[in-house]
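Below is one structure, written out as structure tokens; the observations come after it.
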Amino acid sequence: MNILKHEIKQQKIPLLIWSLSIGALVAMCVLMYPDMKSQMNGVNDMFSSMGNFTEAFGMDELNFGTLIGYYGVEGGNMLGIGGAFFAAIIAISALMKEEKERTAEFLLTHPVSRKRVITEKLIATFCIIVIMNVIVLLCSIGSILAIKEDVFWKELILFHLAYLLMQFEIAGICFGISAFLRKAGVGIGIGVAGLMYLLNIVANISEDAKPLKYITPFGYTESSDIINNVEINVDYLIPGMIIMVAGIVVAYVKYIRKDISA
Amino acid sequence: MNIIEVQNLTKNYGKSRGINNLNLQIAEGDFFGFIGPNGAGKSTTIRTLLGLVAPSGGQAKIMGYDIVRENRKILEQTGYLPSEINFYSGMKVSDVIKYSANLRKAKCSDKAGMLCDRLGLDTSKKVDELSLGNRKKVGIVCAVQHSPKLLILDEPTSGLDPLMQHEFFNILKEENKAGATVFFSSHVLSEVQNYCRTAAFIKDGKIIMSDKVSNLAETGTRKITLKGNATDVERFLADESDELKGKISNVSKMDGAQGSASVSGESASGESLNSFSQSGVSSNNMNCSFLYNGDISSLLKKLAELKLYDLTITEPSLEEIFMNYYE
Chain A
3 MNILKHEIKQ QKIPLLIWSL SIGALVAMCV LMYPDMKSQM NGVNDMFSSM GNFTEAFGMD
63 ELNFGTLIGY YGVEGGNMLG IGGAFFAAII AISALMKEEK ERTAEFLLTH PVSRKRVITE
123 KLIATFCIIV IMNVIVLLCS IGSILAIKED VFWKELILFH LAYLLMQFEI AGICFGISAF
183 LRKAGVGIGI GVAGLMYLLN IVANISEDAK PLKYITPFGY TESSDIINNV EINVDYLIPG
243 MIIMVAGIVV AYVKYIRKDI SA
Chain B
885 MNIIEVQNLT KNYGKSRGIN NLNLQIAEGD FFGFIGPNGA GKSTTIRTLL GLVAPSGGQA
945 KIMGYDIVRE NRKILEQTGY LPSEINFYSG MKVSDVIKYS ANLRKAKCSD KAGMLCDRLG
1005 LDTSKKVDEL SLGNRKKVGI VCAVQHSPKL LILDEPTSGL DPLMQHEFFN ILKEENKAGA
1065 TVFFSSHVLS EVQNYCRTAA FIKDGKIIMS DKVSNLAETG TRKITLKGNA TDVERFLADE
1125 SDELKGKISN VSKMDGAQGS ASVSGESASG ESLNSFSQSG VSSNNMNCSF LYNGDISSLL
1185 KKLAELKLYD LTITEPSLEE IFMNYYE
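Top line first, the protein sequences correspond to chains A and B. What the first sequence shows, in our numbering, is residues 3 to 264, in sequence order. What the second sequence shows, in our numbering, is residues 885 to 1211, in sequence order.
The structure is reproduced here in structure tokens:
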């Protein structure tokens, strides 16, 4: 477990910065809710009458006048974009950074099999993502308590769980890509995360593009599904998890045989 | 018993670099120097043996373990110092050394501390602040601290000052005495000559010579240094007679008065030499040295015809033999 511990230690500072940034944004949204609520009737009408824009962000099926509905849209956007980018960055650099920073020769000439290196790095990546999500969840609960609203536990946990799985899927894809890279690639990771986010928006706007929901992990983080049905859409989740596993398998297959550049 | 057995090992890297049907045997307990110019395949050989890159052909065994299938078992008993070593930024020297020991499940903090003291390494510094020489020292500690059976070092002395090089070789000698086999690559021949028992020359991915260092130095080749009348010496060097033809190499001429200009080349009658020797014409005398590989008495007969002021015949250094191989 040496590599696992080492990886988490190495990412300590980015982890804290990202967690606290996303946590603060989510908390800020929640803290703004009391102000919003007083003007909410107008806002709700406005948000639900913006045509495609409304659908794109799933605001047509949520009640903005309630904290749950409001959190579903605002919190979802913050955690969705922030979490996806963070997961992508951490996962894409997991294997790649050893060659980029020329530490691969150090690590891989110790008596640790490549398989073990990959496994520990993978677990570390997932741990880091979990830690980030726990911190954000705590920020969220704290801010809900601070504005003296009831915590909607079941929906909240399910909501955050869906976003966690979404980040796992992005991490799995990026981890697979990471095995192929030698020099740079953080841009590729951000590209993957951004593309997935856009695919979901397209799928929300156009009926014809609905199948895209099976591909993008944002398909199963749709706040309206989670909050209105109190469940994660399994039809979208299962293909997502298969894609994640595929990314991880690719990482093993590639990295075990990879020639390490000097 | 051989600790390293390499058979027809090949690694292709596209067009350039790489190694080609390389054969190499290193006996257990040996102090082995691996010599070659940059790009000859030294690092590729080492990196293939350590499993960082997969061979394209052939096979190799270290301590009886296959380098591909039993890589981890080899690494357990091996210490490796890369030629360009880097560590994780933000870590302290002591953390890196500890991390390396932990990855090996080795408890060796006493030895690590001793090594750091001897190398004058400040373990509280961050690795990012270290110069190449100091990074090398950290690498040396990581490679040696667990007392491995085999030490593989890729150009270990680059970046180290002469005092540190001396201390470093002392450490290697002690490890060797304690039973470790030392295998290091270098393009500095004097260190190979001074410390190694056996050496191999690599060129264009092939071993061109492998032998005991004492045997390599004791070839029939002799180094002749002479001082004499410039015209005589020029005539002698241009001599195409059977006794001398093809037996003289590595000619180096110096102006007797200034003693600064020198040139070496394979053929005594090369154009570059003739044009260069102009600088030595000012004085009527010239100094000249070359390697001679042939019958000494016929050489002496030829030399007797020249007007000479001085003549020495010595064993060539490994450096000079080395130049001979690569020209």
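For every residue, glycine included, the Cβ atom is placed at its ideal position computed from N, Cα and C. Only a predicted model underlies this, so the values are computations on that prediction, with no experimental measurement involved.
If we define contact as Cβ-Cβ less than 8 Å, is residue i a contact residue for chain B?
{"i": "HIS162 (chain A)", "result": "no"}
{"i": "ASN79 (chain A)", "result": "no"}
{"i": "PRO113 (chain A)", "result": "yes"}
{"i": "ALA58 (chain A)", "result": "no"}
{"i": "GLN41 (chain A)", "result": "no"}
{"i": "GLN12 (chain A)", "result": "yes"}
{"i": "PHE49 (chain A)", "result": "no"}
{"i": "PHE182 (chain A)", "result": "no"}
{"i": "LEU201 (chain A)", "result": "no"}
{"i": "LEU110 (chain A)", "result": "yes"}
{"i": "SER95 (chain A)", "result": "no"}
{"i": "GLU157 (chain A)", "result": "no"}
Using a Cβ-Cβ cut-off of 6 Å (strictly less than) and excluding sequence neighbours within five positions of residue i, which residues of its own chain qualify?
{"i": "ILE946 (chain B)", "result": "ILE888 and ILE958"}
{"i": "VAL1066 (chain B)", "result": "PHE915, LEU1035, LEU1056 and ASN1060"}
{"i": "SER1243 (chain B)", "result": "Since the displayed chain B opens at 885 and closes at 1211, residue 1243 (chain B) lies outside it and no answer follows."}
{"i": "CYS1172 (chain B)", "result": "LEU1110, VAL1117 and LYS1137"}
{"i": "GLN943 (chain B)", "result": "GLN891"}
{"i": "GLU151 (chain A)", "result": "LEU69"}
Beta carbon of residue i, beta carbon of residue j: below 8 Å?
{"i": "LEU1003 (chain B)", "j": "LEU1035 (chain B)", "result": "no"}
{"i": "ILE1086 (chain B)", "j": "ALA924 (chain B)", "result": "yes"}
{"i": "LYS123 (chain A)", "j": "ALA181 (chain A)", "result": "no"}
{"i": "ASN1279 (chain B)", "j": "ALA1114 (chain B)", "result": "Chain B is shown from 885 up to 1211; residue 1279 (chain B) falls before or after that span and cannot be answered."}
{"i": "CYS176 (chain A)", "j": "ALA29 (chain A)", "result": "no"}
{"i": "TYR1079 (chain B)", "j": "ALA1027 (chain B)", "result": "no"}
{"i": "ILE919 (chain B)", "j": "HIS1071 (chain B)", "result": "yes"}
{"i": "LYS995 (chain B)", "j": "GLN1029 (chain B)", "result": "yes"}
{"i": "ILE229 (chain A)", "j": "LEU110 (chain A)", "result": "no"}
{"i": "ASP1006 (chain B)", "j": "SER973 (chain B)", "result": "no"}
{"i": "PRO36 (chain A)", "j": "ILE149 (chain A)", "result": "yes"}
{"i": "ILE207 (chain A)", "j": "ASN54 (chain A)", "result": "yes"}
{"i": "MET38 (chain A)", "j": "TYR72 (chain A)", "result": "yes"}
{"i": "LYS1107 (chain B)", "j": "LEU1175 (chain B)", "result": "yes"}
{"i": "LEU987 (chain B)", "j": "VAL114 (chain A)", "result": "yes"}
{"i": "SER225 (chain A)", "j": "GLY74 (chain A)", "result": "yes"}
{"i": "GLY1017 (chain B)", "j": "LEU1044 (chain B)", "result": "yes"}
Would you verify that the beta carbon of residue i is, or is not, closer than 8 Å to some beta carbon of chain A?
{"i": "ILE1205 (chain B)", "result": "no"}
{"i": "VAL937 (chain B)", "result": "yes"}
{"i": "ARG988 (chain B)", "result": "yes"}
{"i": "SER973 (chain B)", "result": "yes"}
{"i": "LEU1037 (chain B)", "result": "no"}
{"i": "TYR949 (chain B)", "result": "no"}
{"i": "ILE969 (chain B)", "result": "yes"}
{"i": "ARG931 (chain B)", "result": "yes"}
{"i": "SER1156 (chain B)", "result": "Because SER1156 (chain B) sits at a pLDDT of 43, beneath the cut-off of 50, its placement in the model cannot be relied upon, and the point is left open."}
Would you mind telling me which residues of chain B sit closer than 7 Å to residue i, beta carbon to beta carbon, in chain order?
{"i": "ILE262 (chain A)", "result": "LEU936 and VAL937"}
Name, please, each residue of chain A whose Cβ falls closer than 9 Å to the Cβ of residue i.
{"i": "LEU959 (chain B)", "result": "LEU110, THR111, HIS112, PRO113 and VAL114"}
{"i": "PRO966 (chain B)", "result": "ARG104, GLU107, PHE108, THR111 and ALA264"}
Identify the contact partners of residue i in chain B, using a Cβ-Cβ distance below 8 Å as the criterion.
{"i": "GLU122 (chain A)", "result": "Per Cβ cutoff of 8 Å: no residues; GLU122 (chain A) is ~11 Å from chain B at best."}
{"i": "ASN4 (chain A)", "result": "TYR983, ASN986 and LEU987"}
Within its chain, find whatever has a CB closer than 8 Å to the CB of residue i; leave out the 5 residues flanking it on each side and keep chain order.
{"i": "LEU906 (chain B)", "result": "VAL890, ASN892, LEU893, THR894, GLY925, THR929, GLY942, ILE1086, GLY1089, LYS1090 and ILE1091"}
{"i": "GLY174 (chain A)", "result": "ALA93, ILE245, MET246, VAL247, ALA248, GLY249 and ILE250"}
{"i": "GLU1155 (chain B)", "result": "At GLU1155 (chain B) the pLDDT is 42, less than 50, meaning the model places this residue with poor confidence; the figure from the coordinates comes in the next sentence. No residues qualify anywhere along the chain."}
{"i": "SER1008 (chain B)", "result": "LYS976, VAL977 and SER978"}
{"i": "SER1031 (chain B)", "result": "CYS992, LYS995, GLU1059, ALA1062 and ALA1064"}
Since residue i meets chain A, which of its residues come closer than 8 Å, beta carbon to beta carbon?
{"i": "SER1249 (chain B)", "result": "Residue coverage of chain B in this structure runs from 885 to 1211, which leaves residue 1249 (chain B) outside it and unanswerable."}
{"i": "ARG956 (chain B)", "result": "PRO113, VAL114 and SER115"}
Among residues of its own chain, excluding the 5 on either side of residue i, which ones have a beta-carbon nearer than 7 Å to its beta-carbon?
{"i": "VAL204 (chain A)", "result": "ALA211 and LEU214"}
{"i": "ASP227 (chain A)", "result": "ASN235"}
{"i": "ILE70 (chain A)", "result": "PHE154, GLU157 and ILE229"}
{"i": "LYS1096 (chain B)", "result": "ARG1081 and THR1082"}
{"i": "SER263 (chain A)", "result": "GLU101 and ARG184"}
- Query: Which full runs of the alpha helix (DSSP H) of 4+ residues lie inside the stretch 183-231 of chain A, going along the chain?
  - Reply: 188-207, 214-217 and 225-231
- Task: With a floor of 3 residues, list each beta strand (DSSP E) that falls wholly inside the stretch 973-1042 of chain B, ordered by position along the chain.
- Result: 1034-1038
- At 4 residues or longer, and completely inside the stretch 50-98 of chain A: list those alpha helix (DSSP H) runs for me, N to C. The qualifying runs are 54-58.
- Query: Which runs of the alpha helix (DSSP H), 4 residues or longer, sit entirely within the stretch 89-149 of chain A?
  - Reply: 106-110 and 116-148
- Task: At 4 residues or longer, and completely inside the stretch 897-955 of chain B: list those alpha helix (DSSP H) runs for me, N to C.
- Result: 926-933
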